[in-house]
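**Q**
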Amino acid sequence: MDIPHHQIPGKKAIIPYYAAGAMSLVIIGLLTFISRKDFGGHFFQPHLLAITHLTVLGWGTMVIMGASNQLIPVITDQKLYSERVSIAVFLSLTIGTCLLVHSFWNFELGILMLTGATLVLTAFILHAVNMFLTSKKAQKNNIIVDFVLTAHIWLIVTGTIGATLLLNFRFGFLPADHLHYLKVHASVGMAGWFLLLIIGVSSRLIPMFLLSRKEAKKYLTAAYYLINGGLVLLLIEGMGLHSTRWHVVYIALIIGGLLFYLVYIRHCFKSAIRKKMDAGMKQTFIALGVVTLPFLFLMIAIFSYSQTPVSIITAYGYSFFAGFITILIMGQTFKTLPFIVWMHLTKPEKLAQLQPKDLYNEHLVVLQTLIYLPGFLLFLSGILLKLQVFIYAGSLLMLGVSVLYFGHVLYVISKLRK
Amino acid sequence: MTDIVITDPQYEDKIRLMQMLSLIRDPELELNIIDLGLIYDIKIDKEARQLIITMTLSTPACPAGDYIRGGVELMAKEAFNGYHINIDLTFTPEWSADMISEAGREELGW
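Protein chains in written order, with my numbering: chain W, 14 to 431; chain Z, 973 to 1082.
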């Protein structure tokens, strides 16, 4: 008897993304430790730009794209359109990120940086095309698919604004201050790409993992229109009118959308049959709690009418990426990766002796959370209070966790060799 | 989901099959597929030596779907050697968490 693995994308379409993402996290830990003093100053400087882009591209986007090659077919009930495109995306994103991060670190605004940006943007477009073609036959009027596909449109918009900014560095053709466009670039990436995609994927996975009996999708629809409405306003005003006078309106729309999503999650949790949560799910819920932090800093920044302290802006970005995104991905890694590896290990001739939970160490996931959280909070407090000792201790703890996580990911992947 | 009454003339055969099928566990939920409610119906035709199992998956694109379906075929062949096994995969009615048995719910901590 042969079991056709027709719904399972090949290993090469997924595993390299997880490995590269885990390696990026270690490099982020090292670069953050080396540049810890820079976190006390202005956020617009070479080392922080390099670390931010490595976090966003080499870590967040890398793992999310790898996972989406596995999860989008599940969400849309379709087969992945092309594995070859996934491999091309991986290569383009990896090389592009390396060139871009190297150029930012040394602040070399030359051909390497432009090549890196072009490769990254190419990866975005190819990945988006692959996801759109995968979802082509998906059920219409599916709000979760809408979230996922719209997130990919915003990803391309983010990449295009980023590439435009790099050209503006050299040729200076944009009318407003460079920092103005940087804010638009970052906001569209955070709310348009990360937030929409995470909302879309988690809205399918969380009720599935928890076995929720009630999914209040009307809240998701409200969240979708509010966040996208806010993003469209931001884009029109920020890039078209070169100002941010209406920023309170679109930030309120985005926060409103986020609140509707949290209400949806609350309904899923309250109606869940599966009350016992593993460490990966617990970490996911911690991340959903942490997402309130960057929005809190954003509110402080908006309502401090005088000069907003630079530390608040740094804390805003830091808590979004090192807090929300990193905690979420670290937790979800051990929900998705062991399962992916397990699917490639199962043989048609006999029932599986091992289950996905046997392919990783649950205690290490708990330890990872227990070390990362204080590390993150110490570092964040260090930024806000300008205390180098906190930043030093926090960066050491987070570097330790990144090494632990990297080793754990390699351990799970190594099971494929048996 | 499958209800087997003791007055069913094939009661013992069906119970034997259910016991074999309960060895298959959903890899994510760590619950066996009988308690999960994935088996909708079992028909045993002894004269034609044919076994028809109507089953579902938690979602049409369930990544473990091939494994679960293959496992059902494997266990059915073991329980009914020499029978023609026919697996009818259906998504009507759509599976929902309400189909989980009492024992399954207890195991999941509900």
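We put the beta carbon where it would ideally sit given N, CA and C, even for glycine.
1) Comparing the C-beta of R1077 of chain Z with each C-beta of chain W, is any distance below 8 Å?
2) Quick one: using the 10 Å Cβ neighbour count with 16 as the cut-off for buried, is I156 of chain W buried or exposed?
3) Determine, for F392 of chain W, whether the minimum Cβ-Cβ distance to residues of chain Z falls below 8 Å.
4) Return the chain-ordered list of same chain residues with a C-beta closer than 7 Å to the C-beta of F445 of chain W, the five sequence neighbours on each side being excluded.
5) For I299 of chain W, I'd like the list of residues in its chain whose CB is within less than 8 Å of its CB, leaving aside the five on either flank, ordered along the chain.
6) Figure out for me which residue from W:H55, W:Q401, W:G302 has the closest Cα to the Cα of L192 of chain W.
7) Looking at A1075 of chain Z and L941 of chain Z, is the spacing between their C-beta atoms short of 8 Å?
8) Between L125 of chain W and H115 of chain W, what straight-line distance do the alpha-carbon atoms span, to the nearest angstrom?
9) By the 10 Å Cβ neighbour count, where 16 or more other Cβ atoms means buried, how is P351 of chain W classified, buried or exposed?
10) Would you kindly work out how many angstroms separate the C-alpha atoms of A80 of chain W and N143 of chain W, rounded to a whole number?
11) Could you check whether the stretch 352 to 359 of chain W touches the stretch 321 to 338 of chain W, counting it as contact only if at least three pairs of C-beta atoms, one from each stretch, sit closer than 8 Å?
12) Alpha carbon to alpha carbon, how far is L412 of chain W from V39 of chain W?
13) Rounding to the nearest angstrom, what Cα-Cα distance links L68 of chain W and T110 of chain W in this structure?
14) What residues from chain W crowd round Y1039 of chain Z, counting only those whose CB sits closer than 8 Å?
15) Under 8 Å, Cβ to Cβ, is there at least one residue of chain Z near I21 of chain W?
16) Could you name the residues of the stretch 986 to 1018 of chain Z whose beta carbon sits closer than 8 Å to any beta carbon of chain W, in the order they occur along the chain?
17) The ligand MN and D985 of chain Z: does the residue's C-beta get closer than 7 Å to at least one heavy atom of that ligand?
18) Check for me: the beta strand (DSSP E) holding H1056 of chain Z runs from which residue to which?
19) So D956 of chain Z and I1072 of chain Z are supposed to be a Cβ contact under 8 Å. How far apart are they, rounded?
20) Quick check: is the beta carbon of L301 of chain W nearer than 8 Å to any beta carbon in chain Z?
21) Would you list, in chain order, the members of the stretch 1042 to 1061 of chain Z that have their beta-carbon closer than 9 Å to a beta-carbon of chain W?
22) So if I threshold CB-CB distances at 8 Å, which residues from the stretch 194 to 224 of chain W count as touching chain Z?
23) Out of Z:R997, Z:A1020, Z:T1026, Z:M1027, point me to the one whose CA is closest to Y1055 of chain Z's CA.
24) Helix, strand or coil for N154 of chain W? Go by DSSP, reduced to three states.
25) Considering only residues of the same chain and omitting the five flanking positions on each side of D985 of chain Z, which have a CB-CB separation below 7 Å?
26) DSSP has N1004 of chain Z in a bridge; who is on the other side?
27) Is Q381 of chain W close to chain Z, meaning its C-beta is less than 8 Å from at least one C-beta of that chain?
28) Cα separation between T173 of chain W and S148 of chain W?
29) Measuring alpha carbon to alpha carbon, tell me which of W:L398, W:K360, W:Y405, W:L410 ends up nearest L429 of chain W.
30) For Y983 of chain Z, count neighbouring Cβ atoms within 10 angstroms of its own Cβ and tell me buried if that reaches 16, exposed if not.
31) What are the start and end residues of the alpha helix (DSSP H) that includes D1038 of chain Z?
32) Can you find the residues in the same chain that come closer than 6 Å, C-beta to C-beta, to L168 of chain W, ignoring five residues on each side of it along the sequence?
33) Using a Cβ-Cβ cut-off of 6 Å (strictly less than) and excluding sequence neighbours within five positions of K348 of chain W, which residues of its own chain qualify?
34) Give the residues of chain B in contact with I1024 of chain Z, contact being defined as C-beta atoms less than 8 Å apart.
35) Contact defined as beta carbons within less than 8 Å: I believe I1024 of chain Z pairs with V1044 of chain Z. What is the distance between those atoms, to the nearest angstrom?
36) Exposed or buried, N1053 of chain Z, counting other C-beta atoms within 10 Å across all chains shown (16 or more means buried)?
**A** With the structure as the only source:
1) yes
2) buried
3) no
4) Chain W is shown from 14 up to 431; residue 445 of chain W falls before or after that span and cannot be answered.
5) I340, G344, T382, L386
6) W:H55
7) With chain Z running from 973 to 1082 in the structure shown, residue 941 of chain Z is simply not present.
8) 9 Å
9) buried
10) 14 Å
11) no
12) 7 Å
13) The sequence shown places Thr at residue 68 of chain W, not Leu. Roughly 10 Å between the two C-alpha positions.
14) I16, M356, T359, A365
15) yes
16) L995, I996, R997, P999, E1000, L1001, E1002
17) In the structure shown, the ligand MN is absent, as is every other ligand, since no ligand is present at all.
18) 1056 to 1061
19) Outside the displayed range of chain Z (973 to 1082) lies residue 956 of chain Z, so it cannot be described from this structure.
20) no
21) G1042, G1043, E1045, L1046, M1047, K1049
22) M221, F222, L224
23) Z:A1020
24) coil
25) I1016
26) Z:R997
27) no
28) 23 Å
29) W:K360
30) exposed
31) 1037 to 1051
32) F137, W206
33) G293
34) Within the model displayed, chain B is absent; protein chains W and Z are what it includes.
35) I1024 of chain Z to V1044 of chain Z, Cβ: 12 Å. No contact.
36) exposed
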